[in-house]
Amino acid sequence: FTESSPYAPRSPYAASKAAADHFARAWFHTYGLPVIVTHSSNNYGPYQYPEKLIPLMTLNALEGKPLPVYGDGRQVRDWLHVADHCEALRCILERADPGSTYLIGAGEERANIDVVRAICRQVDAARPDLPHAPCESLITLVADRPGHDRRYALDTSRLRHDFGWRPRHSFAAGLAATVRWYLEHLGWVERVCAGAYGRERLGLLAMGNGG
Numbered sequence: 002f003t004e005s006s007p008y009a010p011r012s013p014y015a016a017s018k019a020a021a022d023h024f025a026r027a028w029f030h031t032y033g034l035p036v037i038v039t040h041s042s043n044n045y046g047p048y049q050y051p052e053k054l055i056p057l058m059t060l061n062a063l064e065g066k067p068l069p070v071y072g073d074g075r076q077v078r079d080w081l082h083v084a085d086h087c088e089a090l091r092c093i094l095e096r097a098d099p100g101s102t103y104l105i106g107a108g109e110e111r112a113n114i115d116v117v118r119a120i121c122r123q124v125d126a127a128r129p130d131l132p133h134a135p136c137e138s139l140i141t142l143v144a145d146r147p148g149h150d151r152r153y154a155l156d157t158s159r160l161r162h163d164f165g166w167r168p169r170h171s172f173a174a175g176l177a178a179t180v181r182w183y184l185e186h187l188g189w190v191e192r193v194c195a196g197a198y199g200r201e202r203l204g205l206l207a208m209g210n211g212g
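Sequential numbering from 2 applies to the sequence shown in our numbering.
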């Protein structure tokens, strides 16, 4: 995708995001609201809610629970460390013109199944005492999500050209640090998961409750 790629949402979730962009731009063009639109690839890093792929797989692997992977696991995503995302947003906020659009990505494309396997290796190395090791044995392919896109990839050349922004974190180093963070902050995870929440995807949880 580039900043000029046409919108083509294939799920209600994607359509809601596209609608938000259109509303924001409409307020800019109609009322002069100083809007800047950004689209990023998949974020990861510390303090991410445990429903997301990397923390979910890390915690499930630690506890010996199944590691559910949608479809064949070959869906490809670009992974952007949250600190790099924040730095890009700072550049855009301080220097971009109102009404502009920027894409933010790291160029670190990985298939979901490969990300899960890498997480398993990190957990195995950090906790060789786990009785269910190797953690890859916990990987379980499950039915794919409706409208699950096969690949997301962003052309970030405009952001790099205009502001000289570059991601500082490689995915290999960032993933290792992130897995280590979750293993060292289980108290935070317990506080987040206290109550009825059990690491379900929040959108699906709301739908199940009639929300």
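All C-beta atoms in this analysis are idealised placements derived from N, C-alpha and C, irrespective of residue type, glycine included.
*V36 in three-state terms, based on DSSP*: Indexing the sequence shown from 1 puts residue 36 at position 35. V36 falls in the coil class under three-state DSSP.
*Quick one: measure Cβ to Cβ for D85 and H170, integer angstroms, because I've assumed they're closer than 8 Å.*
Taking the first residue of the sequence shown as 1, we reach residue 85 at position 84. Taking the first residue of the sequence shown as 1, we reach residue 170 at position 169. Here D85 really is in contact with H170; their C-beta atoms are around 6 Å apart, less than 8 Å.
_DSSP beta-bridge partners of W80_ = Position 79 of the sequence shown holds residue 80. Bridge partners of W80 according to DSSP: N43.
*Assign Y67 to one of three DSSP states: helix, strand, or coil.*
Here residue 67 corresponds to residue number 66 of the sequence shown, with the count starting at 1. In the sequence under discussion, the amino acid at residue 67 is Pro, which differs from the Tyr named in the question. Coil.
*Taking T102 as part of the beta strand (DSSP E), name the residues at either end of that continuous run.*
As a first step, residue 102 is located in the sequence shown; it is residue number 101 there, counting from the start. 102-105 is the extent of the beta strand (DSSP E) around T102.
*With a CB to CB cut of under 6 Å and the five nearest residues on each side skipped, what residues in its chain are close to T157?*
Your numbering for residue 157 matches position 156 in the sequence shown. Correct list, in chain order: L104, G106.
*Taking only runs that begin and end inside the region 104-189, name each unbroken beta strand (DSSP E) of 3 or more residues, in chain order.*
110-112, 140-143
*asked:* Let me confirm a value: G175 is counted as buried when at least 16 other C-beta atoms fall within 10 Å, else exposed. Which label applies?
replied: Within the sequence shown, numbered from 1, the residue matching residue 175 stands at position 174. With 16 or more Cβ atoms within 10 Å of its Cβ, G175 is classed as buried.
_When A173, L81, L63, P129 are compared against D115, the one with the closest alpha-carbon_ = Taking the first residue of the sequence shown as position 1, residue 115 is located at position 114. The candidate whose alpha carbon is nearest that of D115 is A173.
*If I'm right that V253 touches L63 with Cβ under 8 Å, what's the distance once you round it to whole angstroms?*
Lying outside 2 to 212, the shown extent of the chain, residue 253 is not represented and no answer is given.
*How close, in whole Å, do the beta carbons of T59 and Y183 come, if the pair is a contact with beta carbons under 8 Å?*
Indexing the sequence shown from 1 puts residue 59 at position 58. Indexing the sequence shown from 1 puts residue 183 at position 182. Contact between T59 and Y183 holds: their C-beta atoms lie close to 5 Å from each other, under 8 Å.
*Label P56 either buried or exposed according to how many other C-beta atoms from any shown protein chain fall within 10 Å of its C-beta, with 16 as the threshold for buried.*
The residue you call residue 56 lines up with position 55 of the sequence shown. With 16 or more Cβ atoms within 10 Å of its Cβ, P56 is classed as buried.
*Can you say whether E95 is buried or exposed, counting buried as having 16 or more other CB atoms within 10 angstroms of its CB?*
As a working mapping, residue 95 is identified with position 94 in the sequence shown. With fewer than 16 Cβ atoms within 10 Å of its Cβ, E95 is classed as exposed.
*asked:* Taking the beta carbon of W28 as the centre, do at least 16 other beta carbons fall within 10 Å, making it buried, or is it exposed?
replied: If you number the sequence shown from 1, residue 28 lands on position 27. W28 comes out exposed.
*Taking the Cβ atom as the reference point for each residue, do A19 and P13 lie within a distance shorter than 7 Å?*
By one-based count along the sequence shown, residue 19 stands at place 18. By one-based count along the sequence shown, residue 13 stands at place 12. No. Outside cutoff.
_Candidates G46, D22, Q76, of which the one nearest R146 by Cα_ = As a position in the sequence shown, residue 146 is number 145, starting the count at 1. For R146, the nearest C-alpha among the options comes from Q76.
*Do D166 and A89 have their C-beta atoms within less than 7 Å of each other?*
Sequence index remark: in the sequence shown, residue 166 carries index 165 (1-based). Sequence index remark: in the sequence shown, residue 89 carries index 88 (1-based). Note on identity: in this sequence residue 166 is Trp, with Asp being the wrong assignment. Yes, Cβ-Cβ distance for W166 and A89 is below 7 Å.
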